[in-house]
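With full-length UniProt numbering applied, the sequence shown corresponds to residues 1 to 383, in that order.
For every residue, glycine included, the Cβ atom is placed at its ideal position computed from N, Cα and C.
Accompanying notes for the structure given below.
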Amino acid sequence: MAGRDKRRCAAALGCDKQRLRRRQDAAALLLRRIKGLVRWVVKEVAAGRSPSIVLHRYRNYCSAADAASPSPCACSYDAPVGTDVLSLLHKDCHTSRLNVLLRVLLVVQQLLQQNKHCSKRDIYYMYPSIFVEVAVVDRAINDICILFKCSRHNLNVVPVVKGLVMGWIRFVEGEKKVYCITSVNAAFSIPVSIEAIKDVVSVAHYILVVEKETVFQRLANDKFCERNRCIVITGRGYPDIPTRRFLRHLVEQLHLPAYCLVDSDPYGFDILATYKFGSLQLAYDANLLRVPDIRWLGVFTSDFEDFCLPDCCLLHLSPEDRRKAESILARCYLHKEAPEWRSELEAMLQKGVKFEIEALSASSISFLSDKYIPQKIKQGRHL
Ligand SMILES: [Zn+2]
1 MAGRDKRRCA AALGCDKQRL RRRQDAAALL LRRIKGLVRW VVKEVAAGRS PSIVLHRYRN
61 YCSAADAASP SPCACSYDAP VGTDVLSLLH KDCHTSRLNV LLRVLLVVQQ LLQQNKHCSK
121 RDIYYMYPSI FVEVAVVDRA INDICILFKC SRHNLNVVPV VKGLVMGWIR FVEGEKKVYC
181 ITSVNAAFSI PVSIEAIKDV VSVAHYILVV EKETVFQRLA NDKFCERNRC IVITGRGYPD
241 IPTRRFLRHL VEQLHLPAYC LVDSDPYGFD ILATYKFGSL QLAYDANLLR VPDIRWLGVF
301 TSDFEDFCLP DCCLLHLSPE DRRKAESILA RCYLHKEAPE WRSELEAMLQ KGVKFEIEAL
361 SASSISFLSD KYIPQKIKQG RHL
């Protein structure tokens, strides 16, 4: 190995060690704080007092009622908008919330002590009669993140990954080499932990995010990545945390534009909005999970006429679709940050029609990869 390569290797190893040490220090600090809180709660209860915990409330968006008011709403990607007080002994609706929080916290404490990982479903099955449903555990995990100002991965609670990636990229995940670049039309699983990713190298010109796995497979079959220097990602519907963190990580590391392709219906739009603005459930972490500069590539209501799609692909919006579209239109972030996205959604509602990405394949199976995507990107036809 040449001297310069040796030095570069040593520097990279040094960086890895530093990162690992920082993570270990952060985990140790979190563990100390958790133990401190649990000890305090036990002491309070033993003394016959009712321990209460103040929890910040986060909200990254609200609905039109607030947005229409003369003063701007308080929604924020990083600052709390209010507080909840959870008390253990005062009988009210927050009692069981705190009870669940403490039980989940004990599991998290064990995970951190033993350096082990588990899923929220694993936690649920430890006390199913108390937790009743997985959503209750989910909320407790969010509460713990808010309480200790951390993210889910810091608690060693890991999701089951569902996102896929393919294209002109390679990286190392822990000890495993993920060399998508050697087989650009093959699907690879998105890593569960961004912290395990290093040595990201790419020669791609852009990142394309597609809503559905069927579209991802269509592009793979058409050898889209072989013909276009890009990285394609799918969250297979509403994206999970690893998919959103991975996309965010790539955009930041590689400085590439990201385009998103979703169905022309309110659910497609909601998925698109989740990538750009984050979800309400994870509002406390929205700033770390969202990709503010993601561009909406399509499909737009107007694409139906622009690309002369057959009428048989067009469906009328159902009453539920209409309700969903109206509730999304009311979100304050669209007013504040993406009025052009809002206008496009309004056009969908006015026309009262929807269609899926697959409609673009109606006349020619590979139209999406041969014409639609390359043309739209080349001509800058995105919002
Ligand atoms: Zn708001």
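{"query": "I'd like the span of the alpha helix (DSSP H) that includes residue 258, first residue to last.", "result": "Note, residue 258: premise wrong, no alpha helix (DSSP H); beta strand (DSSP E) at 258-261."}
{"query": "Beta strand (DSSP E) containing residue 300: first to last residue?", "result": "No beta strand (DSSP E) holds residue 300; DSSP gives it neither H nor E."}
{"query": "Please report the straight-line C-alpha distance between residue 224 and residue 203, rounded to a whole angstrom.", "result": "15 angstroms"}
{"query": "Mapping the DSSP letters down to three states, classify residue 145 as helix, strand or coil.", "result": "helix"}
{"query": "By the DSSP assignment, the alpha helix (DSSP H) with residue 329 in it spans what residues?", "result": "319-329"}
{"query": "Start and end of the alpha helix (DSSP H) containing residue 215?", "result": "213-221"}
{"query": "Using only the heavy atoms of ligand 1, determine whether one of them is closer than 7 angstroms to the beta carbon of residue 62.", "result": "yes"}
{"query": "Tell me, please, which residues DSSP counts as bridged to residue 316.", "result": "353"}
{"query": "Under three-state DSSP, which class holds residue 290?", "result": "coil"}
{"query": "Using a Cβ distance threshold of 8 angstroms, determine whether the stretch 246-259 contacts the stretch 213-228, with at least three qualifying pairs required.", "result": "no"}
{"query": "Could you round the C-beta distance between residue 258 and residue 232 to whole angstroms and report it? I think they count as a contact, below 8 angstroms.", "result": "About 11 angstroms separates the two Cβ atoms, so there is no contact after all."}
{"query": "Alpha carbons only, please: which of 143, 141 and 119 is nearest the one belonging to residue 158?", "result": "119"}
{"query": "Report yes if the C-beta of residue 312 is less than 7 angstroms from at least one heavy atom of ligand 1; otherwise report no.", "result": "no"}
{"query": "Can you tell me where the beta strand (DSSP E) holding residue 247 begins and where it ends?", "result": "Looking at the DSSP string, residue 247 is not in any beta strand (DSSP E); the run it does join, the alpha helix (DSSP H), is 241-254."}
{"query": "Based on DSSP bridge pairs, tell me the residues matched to residue 179.", "result": "170"}
{"query": "Does DSSP put residue 426 in a helix, in a strand, or in coil?", "result": "Residue 426 lies beyond the residue range present for the chain, which begins at 1 and ends at 383; the question has no answer from this structure."}
{"query": "State the Cα-Cα distance for the pair residue 166 and residue 31, rounded to the nearest angstrom.", "result": "37 angstroms"}
{"query": "What is the DSSP secondary structure of residue 206, counted as helix, strand or coil?", "result": "strand"}
{"query": "Please report how far the alpha carbon of residue 151 lies from the alpha carbon of residue 355, in whole angstroms.", "result": "36 angstroms"}
{"query": "Please name the residue in 297, 197, 314 and 337 whose C-alpha comes closest to that of residue 60.", "result": "337"}
{"query": "Quick check on the burial criterion: 16 or more other C-beta atoms within 10 angstroms. Buried or exposed for residue 45?", "result": "exposed"}
{"query": "Between residue 73 and ligand 1, is there a pair consisting of the residue's CB and a ligand heavy atom that are separated by less than 7 angstroms?", "result": "yes"}
{"query": "Quick one: Cα of residue 359 to Cα of residue 315, how far?", "result": "11 angstroms"}
{"query": "Would you report the Cα separation of residue 143 and residue 55, rounded to the nearest angstrom?", "result": "7 angstroms"}
{"query": "Within the present structure, is the beta-carbon of residue 145 separated from the nearest heavy atom of ligand 1 by less than 7 angstroms?", "result": "no"}
{"query": "Please give the ranges of any alpha helix (DSSP H) in the stretch 95-150, keeping only runs that are unbroken, at least 4 residues long and fully inside the region.", "result": "120-124, 128-131 and 134-147"}
{"query": "Quick check on residue 130: buried or exposed, where buried means 16 or more other Cβ atoms within 10 Å of its Cβ?", "result": "exposed"}
{"query": "What's the gap between the Cα of residue 116 and the Cα of residue 239?", "result": "25 angstroms"}
{"query": "Kindly list the residues whose CB is nearer than 7 angstroms to the CB of residue 222, restricted to its own chain and excluding five residues on each side of it in sequence; keep chain order.", "result": "366 and 369"}
{"query": "Under the three-state reduction of DSSP, which class applies to residue 45: helix, strand or coil?", "result": "helix"}
{"query": "Verify the contact flag: residue 332, CB atom, against every heavy atom of ligand 1, threshold strictly below 7 angstroms.", "result": "yes"}
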